[in-house]
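Visitor:
Right, here's the structure in full:
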């Protein structure tokens, strides 16, 4: 279960093209988003807590990797849907 409201989760997922995930994948993504939100790592403005420039850069790199992962999750979900569509029952 998500730690923050579903409207926020749905908005973040829609921004990243993840609104059509399967239920199991969606549950995992919601858990990840909840964890990131609890650590205040979802927004650039939250890096104000990291006064050291090198820490801000590390967080920036980690955010870039996280965004790449959202792209991969969305692409994998499309591949799975296409494979399941073509598979005879």
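Numbering (my numbering), first residue to last: 456 to 544.
Ideal placement from N, C-alpha and C gives every residue a C-beta, glycine not left out.
Bear in mind the structure is a predicted one, so any value in this text is a computation, not a measurement.
1) If I follow the unbroken alpha helix (DSSP H) through residue 491, where does it start and stop?
2) When we look at the beta-carbon of residue 547 and count the other beta-carbons within 10 Å, is it buried (16 or more) or exposed?
3) Under DSSP, the alpha helix (DSSP H) around residue 522 begins and ends at which residues?
4) My assumption, with CB atoms under 8 Å, is that residue 514 sits in contact with residue 496. Please give the rounded CB distance.
5) Tell me whether residue 485 is buried or exposed, calling it buried when 16 or more other Cβ atoms sit within 10 Å of its Cβ.
6) Using DSSP with H/G/I as helix, E/B as strand and the rest coil, what is residue 475?
7) Considering only the alpha carbon of each residue, which of 540, 543, 491 and 530 lies closest to residue 473?
8) Quick check on residue 476: buried or exposed, where buried means 16 or more other Cβ atoms within 10 Å of its Cβ?
Guide: According to the structure shown:
1) 478-493
2) Because the chain is modelled from 456 through 544, residue 547 falls outside the range shown and cannot be assessed.
3) 508-541
4) 7 Å
5) buried
6) coil
7) 530
8) buried
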